[in-house]
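Numbering of the sequence shown is given in our numbering, commencing with residue 2 and proceeding in unit increments.
Using N, Cα and C, we set each Cβ at its ideal position, and we do this for glycine too.
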Amino acid sequence: MTDTVHKTMGQQSGRRSWAEPWKIKMVEPLTMTRREDRERALTEAGYNTFLLRSDDVYIDLLTDSGTSAMSDRQWAGLMLGDEAYAGSRNFYRLEQAVQSWYGYQYVVPTHQGRGAEHLISQTAIRKGQYVPGNMYFTTTRLHQELAGGIFVDVIVDAAHDPSDLSPFKGDVDLAKLEQLIREQGADNIAYVSLAATVNMAGGQPVSMANVKALHELCRRHGIKLFLDATRLVENAFFIQEREAGYQDKSIAAISREFCSYTDGAWMSAKKDSLVNIGGWLALNDWPLFEEVRNLVVVYEGLHTYGGLAGRDMEAMAIGIEESMQDDHVRSRIGQVRYLAQLLEDWGIPMVMPVGGHAIFLDARRFYPQLAQGEFPAQTLAAELYLDSGIRSMERGVVSAGRDASTGDHHYPKLELTRLTIPRRVYTQAHMDVVAESVKAVFDARAAARGLKMVYEPKYLRFFQARFEPL
Ligand code: P61
Numbered sequence: 002m003t004d005t006v007h008k009t010m011g012q013q014s015g016r017r018s019w020a021e022p023w024k025i026k027m028v029e030p031l032t033m034t035r036r037e038d039r040e041r042a043l044t045e046a047g048y049n050t051f052l053l054r055s056d057d058v059y060i061d062l063l064t065d066s067g068t069s070a071m072s073d074r075q076w077a078g079l080m081l082g083d084e085a086y087a088g089s090r091n092f093y094r095l096e097q098a099v100q101s102w103y104g105y106q107y108v109v110p111t112h113q114g115r116g117a118e119h120l121i122s123q124t125a126i127r128k129g130q131y132v133p134g135n136m137y138f139t140t141t142r143l144h145q146e147l148a149g150g151i152f153v154d155v156i157v158d159a160a161h162d163p164s165d166l167s168p169f170k171g172d173v174d175l176a177k178l179e180q181l182i183r184e185q186g187a188d189n190i191a192y193v194s195l196a197a198t199v200n201m202a203g204g205q206p207v208s209m210a211n212v213k214a215l216h217e218l219c220r221r222h223g224i225k226l227f228l229d230a231t232r233l234v235e236n237a238f239f240i241q242e243r244e245a246g247y248q249d250k251s252i253a254a255i256s257r258e259f260c261s262y263t264d265g266a267w268m269s270a271k272k273d274s275l276v277n278i279g280g281w282l283a284l285n286d287w288p289l290f291e292e293v294r295n296l297v298v299v300y301e302g303l304h305t306y307g308g309l310a311g312r313d314m315e316a317m318a319i320g321i322e323e324s325m326q327d328d329h330v331r332s333r334i335g336q337v338r339y340l341a342q343l344l345e346d347w348g349i350p351m352v353m354p355v356g357g358h359a360i361f362l363d364a365r366r367f368y369p370q371l372a373q374g375e376f377p378a379q380t381l382a383a384e385l386y387l388d389s390g391i392r393s394m395e396r397g398v399v400s401a402g403r404d405a406s407t408g409d410h411h412y413p414k415l416e417l418t419r420l421t422i423p424r425r426v427y428t429q430a431h432m433d434v435v436a437e438s439v440k441a442v443f444d445a446r447a448a449a450r451g452l453k454m455v456y457e458p459k460y461l462r463f464f465q466a467r468f469e470p471l
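(1) For the ligand P61, I want to know if T428 counts as a neighbour, meaning its beta carbon is within less than 8 Å of at least one of the ligand's heavy atoms.
(2) Considering only heavy atoms of the ligand P61, does any lie closer than 8 Å to the CB of F361?
(3) In the DSSP assignment, find the alpha helix (DSSP H) that holds Y386 and state where it starts and stops.
(4) Can you list, in chain order, the residues of its chain with a C-beta nearer than 7 Å to that of I182? Leave out the 5 residues immediately preceding and following it.
(5) Take the Cβ of Q248 as the centre, count every other Cβ of all protein chains shown within 10 Å, and call the residue buried at 16 or more, exposed below.
(6) Tell me the DSSP secondary structure of W1 in three-state form.
(7) What is the rounded straight-line gap between the Cα of A378 and the Cα of V297?
(8) Confirm the yes/no value for this check: CB of E484, any heavy atom of the ligand P61, distance under 8 Å.
(9) If you measure from the CB of N200, is any heavy atom of the ligand P61 nearer than 8 Å?
(10) Consider the C-beta atom of D229 and the heavy atoms of the ligand P61; say whether any pair is separated by less than 8 Å.
(11) Is L62 near S393, with beta carbons less than 9 Å apart?
(12) Alpha helix (DSSP H) containing A441: first to last residue?
(13) Taking 8 Å as the line, does the beta carbon of L52 fall inside it for any heavy atom of the ligand P61?
(14) Taking its Cβ as the centre, do 16 or more other Cβ atoms sit within 10 Å of P369, making it buried, or is it exposed?
(15) Tell me whether the beta-carbon of L228 lies closer than 9 Å to the beta-carbon of G265.
(16) Hey, C260 and G104 are a contact pair by Cβ (cut 8 Å); roughly how many whole angstroms apart?
(17) Compute the distance between the beta-carbons of A196 and M268, then report whether it is under 9 Å.
(18) For the alpha helix (DSSP H) that contains M317, what are its first and last residues?
(19) Checking 9 Å against the spacing of the C-beta atoms, do D327 and I240 come in under that value?
(20) Can the beta-carbon of R450 be found closer than 9 Å to that of L362?
(21) Between which two residues does the beta strand (DSSP E) harbouring I360 extend?
(22) Tell me which residue opens and which closes the beta strand (DSSP E) that G280 is part of.
(23) Per the contact definition of three or more C-beta pairs closer than 8 Å, is the stretch 425 to 432 in contact with the stretch 107 to 114?
(24) I think E416 touches G397, with their Cβ atoms under 8 Å apart; what is that distance to the nearest whole Å?
(25) Just to confirm, are T124 and E301 a CB contact at a threshold of 9 Å?
(26) Give the single residue among K225, D172, W287 whose Cα lies nearest to the Cα of V207.
(27) According to DSSP, simplified to helix, strand and coil, what is W287?
(28) Would you give the residue range spanned by the alpha helix (DSSP H) that R257 belongs to?
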């Protein structure tokens, strides 16, 4: 017997505990793995967590993309799939959901986010034009480059500093954008590419003040402003929490206002919208939309299904509505923060403030003994997997790829390993196991030796590259 008095997490923090606004109706058994099995699996996967089989993974924090749990209403919606080739009733439900929650006029479905990125890049970029954006995202920048565009990072400097505590590290630096416009001329800017939140910066939000000012700047120069709305509801949560005047507004109202300052958006519905597959592109400009609607039939499918089954569109329409509920967003981000709080208390280096979808461990500070060319973040992902079967993702020099014109590695300031939390999937106990594993790997940090890349594919190399220990 000990005389320890146990306390809930809420009590330890001097507040009442909160819990998720759902209960579990169906479970999926996990594979419990042993160290020797993990060593074999990681070697076979070339030290790349993307190449592991999910059967060899215990807690899968590779991504929050398509990995969320659908609700009973969404599963019921699958049975309402209207699989007509043309004019499926589920398309009209989806179109209406996008129009009413995001506020754009014209909508095409796509098989996922990059399908929409392809369409907007091919229709809105002329070869040689610049595409300024608030930090690159891998697939977004690649599609812009494949369309002949030149991506220019115009995010605020704070975004590149993992310990800068500014509340809106996703903001565009308007001075950087104005300088680009002055130097290149507004005609040579295809559009401004604005992501909310900013994935590669650690899930950092954009303020309403910034998108408003950006809208005004773009309007003055006749430049379009397009939004990557993939995690917009998480962005809305941070506005509600941090920006004066928004505390009493709902996530839905904030999201809608945010979109109103933009000319259109692309979406990977696999994130915010709680589905396993799907996306869309929405615009307010009819002539541009007409081009998109024509191109979609070449690459995705007819403009009323865009590569999706009718049932997928139904699940997405329902998911959009669920994603906009304040209680849902609060508990989703609350879980990310629960894990972050433990890690912060234990002195684990990570990007601060913590964003909406993930914890980004700062691999440079984990492994100061490793040069960036020895892939510290890839090494950290491998060590975490070996320790406990937790799968994370490299977001550093491997993800950044090579400069399209010089062929050299991009060396990003941020060298991060992402622990991404799927929505409505794992429990607080899973988060405890994750936190303890990160701590164990941190405690063993002095022994890490780094990796060398032995196979490098041409596009989006991080997905399929192979490594060996140094
Ligand atoms: C992710 F390692 N994200 O975060 P698609 N915009 C934004 C995304 O986060 C995004 C897409 C567009 C993923 C999946 C993924 O380098 C990677 O539906 C802000 O995945 O086509 C996707 O949407 C593209 C993982 C994508 C990666 C690219 O895990």
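Let me spell this out:
(1) Taking the first residue of the sequence shown as position 1, residue 428 is located at position 427. Here the distance from the Cβ of T428 to the nearest heavy atom of the ligand P61 is not below 8 Å.
(2) Translated into positions along the sequence shown, residue 361 becomes position 360. F361: no, Cβ never under 8 Å from the ligand P61.
(3) What you label residue 386 is simply residue 385 of the sequence shown in a count that begins at 1. Y386 -> alpha helix (DSSP H) spans 377 to 389.
(4) For the purposes of this step, residue 182 is taken as residue 181 along the sequence shown, with counting starting at 1. Contacts found: I190, H222.
(5) Reading the sequence shown from its first residue, position 247 is the one you call residue 248. Answer is exposed; the Cβ neighbour count stays below 16.
(6) The structure shown does not extend to residue 1, since the chain is modelled only from 2 through 471, so no value can be given for it.
(7) Walking along the sequence shown from the start, residue 378 turns up at place 377. Walking along the sequence shown from the start, residue 297 turns up at place 296. If you take the alpha carbons of A378 and V297, they lie about 37 Å apart.
(8) The shown model of the chain, from 2 to 471, leaves out residue 484, and the question about it has no answer.
(9) By 1-based counting over the sequence shown, the position of residue 200 is 199. Yes.
(10) Residue 229 sits at position 228 when you count from the first residue of the sequence shown. Checking the 8 Å criterion, the Cβ of D229 is within range of a heavy atom belonging to the ligand P61.
(11) One-based indexing of the sequence shown puts residue 62 at position 61. One-based indexing of the sequence shown puts residue 393 at position 392. Cβ distance < 9 Å, so L62 and S393 count as in contact.
(12) Taking the first residue of the sequence shown as position 1, residue 441 is located at position 440. Residues 429 to 444.
(13) Residue mapping note: residue 52 aligns to position 51 of the sequence shown, counting from 1. Result no, Cβ not under 8 Å from the ligand P61.
(14) By one-based count along the sequence shown, residue 369 stands at place 368. The residue in question, P369, is exposed, as its Cβ has fewer than 16 Cβ neighbours within 10 Å.
(15) Reading the sequence shown from its first residue, position 227 is the one you call residue 228. Reading the sequence shown from its first residue, position 264 is the one you call residue 265. For the 9 Å CB-CB criterion, L228 and G265 form a contact.
(16) Reading the sequence shown from its first residue, position 259 is the one you call residue 260. Reading the sequence shown from its first residue, position 103 is the one you call residue 104. Contact holds; Cβ gap of about 5 Å.
(17) Locating residue 196 in the sequence shown gives position 195, counting from the first residue. Locating residue 268 in the sequence shown gives position 267, counting from the first residue. Contact flag unset, no.
(18) In the sequence shown, the residue the question calls residue 317 occupies position 316. Its alpha helix (DSSP H) spans residues 311 to 324.
(19) The sequence position of residue 327 within the sequence shown is 326, counting from 1. The sequence position of residue 240 within the sequence shown is 239, counting from 1. Result no, Cβ atoms of D327 and I240 do not sit closer than 9 Å.
(20) The residue labelled residue 450 in the question sits at position 449 within the sequence shown. The residue labelled residue 362 in the question sits at position 361 within the sequence shown. Against a cut-off of 9 Å, the Cβ pair of L362 and R450 comes out as no contact.
(21) In the sequence shown, residue 360 corresponds to position 359, counting from 1. For I360, the enclosing beta strand (DSSP E) begins and ends at 359 to 363.
(22) Numbered from its first residue, the sequence shown carries residue 280 at position 279. Per DSSP, G280 belongs to the beta strand (DSSP E) from 280 to 284.
(23) These segments do not touch.
(24) Taking the sequence shown and counting its residues from 1, one reaches residue 416 at position 415. Taking the sequence shown and counting its residues from 1, one reaches residue 397 at position 396. Confirmed, about 4 Å.
(25) As a working note, residue 124 is residue 123 in the sequence shown. As a working note, residue 301 is residue 300 in the sequence shown. The Cβ atoms of T124 and E301 lie no closer than 9 Å to each other.
(26) Here residue 207 is taken as the residue at index 206 of the sequence shown, counted from 1. Ranking the options by Cα distance to V207, first place goes to D172.
(27) The count along the sequence shown starts at 1 and reaches residue 287 at position 286. Helix.
(28) Translated into the one-based positions of the sequence shown, residue 257 becomes position 256. Note, R257: alpha helix (DSSP H), 252 to 261.
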